[in-house]
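Numbering (my numbering), first residue to last: 6 to 161.
A short write-up of the structure that comes next.
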């Protein structure tokens with residue numbers, strides 16, 4: 006993590022100073038209450054008073070100032086996003102066995118339909134190539150991020 010405006014972090018040094026100022030004011034308030042107070046104030050000072058609950062607003066104020074000063078320094082963080090990329094080679098068997106009609110209308114047409122559906126669902130960062138083979142391999146379409154030629158070659 007880094008900060009755009011690092012000089013704003015120097016303002017965080019005021020937080021302990023404000024805390025010390027608050028504690029000093031509370032001590033002075035307590036001493037003045039004992040010095041000039043009535044019987045009720047003396048009893049409150051010696052017995053159970055408000056306690057630590059009276060410090061909650063000051064603590065929340067100091068926490069809020071701390072968060073504000075850090076936010077004003079504009080923290081920045083580089084977050085890596087996953088990137089889907091790769092190369093897919095579609096291999097089609099174009100031998101005579103693919104003419105068998107155990108799939109509608111035949112095996113080759115069923116393979117083409119599945120390939121077209123597969124290619125259409127891929128993001129543009131995936132390169133797709135097409136290879137046809139029977140007794141030997143024949144590169145029909147080299148891998149390319151442009152999916153239109155792969156769709157055309159798959160259908161041919």
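Virtual Cβ for every residue (Gly too), placed ideally from N, Cα, C.
query, result
"Secondary structure of residue 147, DSSP reduced to three states", "strand"
"Length at least 4, wholly inside the stretch 74–137: the alpha helix (DSSP H) runs in chain order", "112–125"
"Residue nearest to residue 101 in terms of C-alpha spacing, selected from 81, 20 and 140", "140"
"Reduced DSSP category for residue 12 - H, G, I as helix; E, B as strand; rest coil", "helix"
"Cutoff 6 Å; reference residue 6; Cβ partners in own chain excluding five residues on either side", "80 and 82"
"Residue 73 burial status per 10 Å Cβ neighbour count (16 or more: buried)", "exposed"
"Short Cβ contact (7 Å threshold) for residue 150 with residue 125", "no"
"Closest Cα partner of residue 153 within the set 142, 123 and 143", "123"
"Exposure of residue 177, with buried meaning 16 or more beta-carbon neighbours within 10 Å", "For residue 177 there is no data in the structure shown, the boundaries of the chain being 6 and 161."
"Which listed residue (93, 148, 147 and 76) has its alpha carbon closest to that of residue 9", "76"
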